[in-house]
Ligand SMILES: [Zn+2]
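Numbering (my numbering), first residue to last: 4 to 678.
Shown next as structure tokens:
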């Protein structure tokens with residue numbers, strides 16, 4: 004399923020990770036490198052000690068707080084799963100589904116024995132396609148099973164201009180490498196990735212019955228189709244254009260404006276009931292797909308679908324296929340060693356049965372008292388943002404009233420959902436292969452999503468992340484901020500810890516998500532989640548000028564020699580950090596009025612606040628991974644979230660007595676004062 008990219012998180016979800024030690028709360032002097040002056044390089048001053056004592060291992064492309072918690076979670080979730088995987092369970096029970104899925108993924112002997120025989124029936128369906136009309140039917144049927152055989156995505160999402168109701172969504176897709184830059188950019192690392200992708204495709208074709216020459220030819224065919232789609236696709240910056248990615252059409256209009264796609268057949272085969280209208284995100288790539296479907300030889304189209312099926316199953320056909328997939332990851336992210344099978348099995352179960360695992364997880368690991376403490380923190384941050392809005396010099400009273408109304412109407416989600424997802428209809432069958440089970444699960448998810456959402460009101464109780472996710476998000480369509488249980492742990496949040504540290508870490512995170520409601524995208528949505536202008540023209544002009552300062556600053560910020568951040572691609576996230584730091588800082592000052600804090604370890608509370616923020620982002624990473632993130636992610640690299648974010652924050656200058664002449668200093672007039 005393809006969700007519109009509206010949900011904005013705190014960080015790109017970790018997929019690789021591990022723990023070197025139990026995370027500590029408070030400020031640990033060993034994490035610092037006091038040979039560095041804070042005003043010259045705050046990241047290395049605050050985290051240099053930690054960075055030196057925590058080198059990367061072979062399994063990880065980055066480490067740090069997110070990674071540590073992720074690895075701790077892997078162990079915890081495995082404990083939960085093993086209760087069900089190690090003893091027979093009643094057929095059809097949740098325990099059976101959890102245990103069976105884990106055991107299927109762990110059974111390497113069976114997967115190695117089965118090899119690519121598991122996908123042969125699917126490949127045969129593609130081979131048997133006789134004409135273009137049938138091609139669209141069969142690829143839609145397979146796509147419903149999660150095969151990604153269509154060159155675009157279907158989904159259901161809140162209608163961004165009528166947010167009480169869901170709308171069917173059609174979006175760009177079809178790229179094996181995900182991002183258009185890999186096909187088109189001149190960057191040396193992106194070119195290496197493209198070469199590795201060619202090798203990957205060629206090997207996969209050769210391993211599934213094609214001779215060398217045919218494998219080469221098939222690879223070129225897939226690449227030619229994907230390059231055409233890439234050229235028409237939107238880049239990360241264009242995808243952030245709220246208005247530019249919304250095109251509401253009646254179903255009749257869809258049929259007449261995009262006649263090259265057999266919509267009736269596609270939606271029927273994908274499990275959709277009849278509906279009135281559709282949001283078509285990106286017209287140009289869809290038109291290109293129409294042309295590809297019309298002018299590409301049928302055999303070449305079939306080769307494209309074949310590639311998707313093989314590529315999607317590399318983790319389910321034994322070690323030889325997994326190795327080929329890992330070789331591509333090595334080039335993309337710089338990872339040296341594959342994750343052990345049990346971790347991949349834990350991830351699979353945790354993704355497929357997300358809220359079932361989540362329920363067991365919070366029962367065991369999330370104290371109810373944390374929820375109360377978090378609610379208090381969120382309310383304090385809301386008050387602080389309200390005060391800051393009142394104090395803005397660049398905004399009129401009329402717009403301020405609108406902003407405060409939006410702030411007061413945030414939906415706040417903490418820990419876990421009140422209503423859990425129902426997995427009754429999902430089956431995991433031991434006698435079927437992992438591949439077949441995965442396809443059936445994908446189909447169930449697809450159909451469940453449609454049944455719950457198409458032609459229905461938006462369910463605002465639903466969560467966009469599972470409780471065991473180490474992340475947080477803001478959703479503009481529901482005006483909600485969400486903090487899953489798993490991020491409510493040290494070093495982000497410690498109910499026992501110093502307020503200065505909690506406000507600098509989880510406070511900054513809460514403020515970050517709140518600020519998304521008022522970033523360059525969020526500011527275009529009202530308190531009910533509708534895209535609607537609530538700004539005066541002059542206020543919007545002032546806002547754009549101020550956010551422009553931030554975009555320019557980040558665009559000139561180097562994260563690797565000669566490699567800079569894309570200030571437009573990361574603007575929303577950088578506004579999130581900028582607002583988050585200011586709001587959390589104000590909230591801490593409010594708390595200290597009734598509860599003064601003393602120096603600790605020689606640091607003032609204000610200093611501890613900023614040290615805690617830096618600790619959250621302390622991370623070693625491979626150069627490849629940093630470049631990968633710059634290509635695919637809307638967040639700035641971790642180092643920039645400290646060293647490019649803090650020079651914009653007045654309170655940081657005061658806390659560390661940063662002066663003109665210090666390397667990070669920028670004059671007050673040149674700083675981005677936004678929220
Ligand atoms: Zn964010």
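Backbone N, C-alpha and C define an ideal beta-carbon position, used for all residues, glycine too.
Per DSSP, cross-strand counterpart(s) of residue i
| i | result |
| --- | --- |
| residue 160 | 170 |
| residue 561 | 567 |
| residue 691 | In the structure displayed, the chain extends from 4 to 678; residue 691 sits before or after that span and is not available. |
| residue 355 | None, per the DSSP bridge assignment. |
| residue 253 | 280 |
| residue 175 | 155 |
Expected contact under 8 angstroms - CB spacing of residue i and residue j to nearest Å
| i | j | result |
| --- | --- | --- |
| residue 520 | residue 586 | With 8 angstroms as the limit, residue 520 and residue 586 do not qualify as a contact, their Cβ atoms being about 11 angstroms apart. |
| residue 395 | residue 403 | 7 angstroms |
| residue 452 | residue 159 | 6 angstroms |
| residue 600 | residue 502 | 6 angstroms |
| residue 340 | residue 62 | 5 angstroms |
| residue 470 | residue 419 | 4 angstroms |
| residue 621 | residue 149 | About 37 angstroms; that fails the 8 angstroms criterion. |
| residue 283 | residue 257 | 7 angstroms |
| residue 593 | residue 387 | 6 angstroms |
| residue 498 | residue 372 | 6 angstroms |
| residue 252 | residue 281 | 6 angstroms |
| residue 489 | residue 472 | 6 angstroms |
Residue nearest to residue i in terms of C-alpha spacing, selected from the options
| i | options | result |
| --- | --- | --- |
| residue 263 | 135, 657, 80 | 135 |
| residue 323 | 659, 65, 446, 117 | 117 |
| residue 307 | 653, 267, 232, 91 | 232 |
| residue 532 | 384, 462, 152, 358 | 462 |
| residue 65 | 338, 48, 385, 493 | 338 |
| residue 649 | 75, 628, 610, 69 | 610 |
| residue 397 | 435, 216, 547, 359 | 547 |
| residue 56 | 361, 643, 44, 36 | 36 |
| residue 677 | 630, 583, 444, 603 | 583 |
| residue 651 | 554, 251, 640, 621 | 554 |
| residue 174 | 168, 288, 123, 454 | 288 |
| residue 646 | 244, 481, 369, 45 | 45 |
| residue 240 | 182, 272, 489 | 182 |
| residue 530 | 556, 466, 165, 290 | 165 |
| residue 644 | 659, 615, 670, 662 | 615 |
| residue 291 | 318, 316, 593, 260 | 260 |
| residue 580 | 657, 635, 640 | 640 |
| residue 2 | 577, 549, 545 | Residue coverage of the chain in this structure runs from 4 to 678, which leaves residue 2 outside it and unanswerable. |
| residue 606 | 15, 465, 333, 32 | 32 |
| residue 485 | 201, 509, 90 | 509 |
| residue 435 | 490, 562, 333, 120 | 120 |
| residue 507 | 589, 596, 564 | 589 |
| residue 668 | 15, 14, 41 | 41 |
| residue 10 | 449, 481, 206 | 481 |
| residue 573 | 112, 238, 365, 234 | 238 |
| residue 526 | 279, 334, 479 | 479 |
| residue 634 | 595, 567, 369 | 567 |
| residue 637 | 602, 272, 524 | 524 |
| residue 108 | 473, 629, 432 | 432 |
| residue 316 | 438, 151, 623, 428 | 438 |
Residues near residue i by beta carbon distance below 7 angstroms, same chain, minus five either side
| i | result |
| --- | --- |
| residue 204 | 222, 225, 310 |
| residue 346 | 77 |
| residue 706 | Nothing in the structure corresponds to residue 706, since the chain is present only between 4 and 678. |
| residue 197 | 185, 186 |
| residue 355 | 104, 444 |
Beta-carbon proximity list for residue i, same chain, < 8 angstroms, skipping 5 on both sides
| i | result |
| --- | --- |
| residue 305 | 129, 130, 132, 138 |
| residue 483 | 413, 414, 415, 416, 463, 477 |
| residue 230 | 186, 187 |
| residue 385 | 410, 411, 413, 517 |
| residue 275 | 157, 171, 453, 457 |
| residue 296 | 135, 138, 139, 154, 263, 264, 304 |
| residue 93 | 99 |
Own chain, CB closer than 6 angstroms to residue i, minus 5 neighbours either side, in chain order
| i | result |
| --- | --- |
| residue 176 | 155, 156 |
| residue 542 | 398, 399, 402 |
| residue 18 | At residue 18, the pLDDT of 45 sits below 50, so the modelled position is not reliable and the matter cannot be decided from this model. |
| residue 537 | 405, 529 |
| residue 504 | 29, 611, 615 |
| residue 655 | 613, 649 |
| residue 26 | Caution is warranted here: a pLDDT of 41 is assigned to residue 26, below 50, making its placement in the model unreliable, and the coordinate value is therefore given only provisionally. The answer, listed in chain order, is 71, 493, 494. |
- Message: Give me the pocket residues for ligand 1, defined as CB within less than 6 angstroms of any heavy atom, sorted by chain position.
- Response: 11, 12, 13, 515, 519, 576, 579
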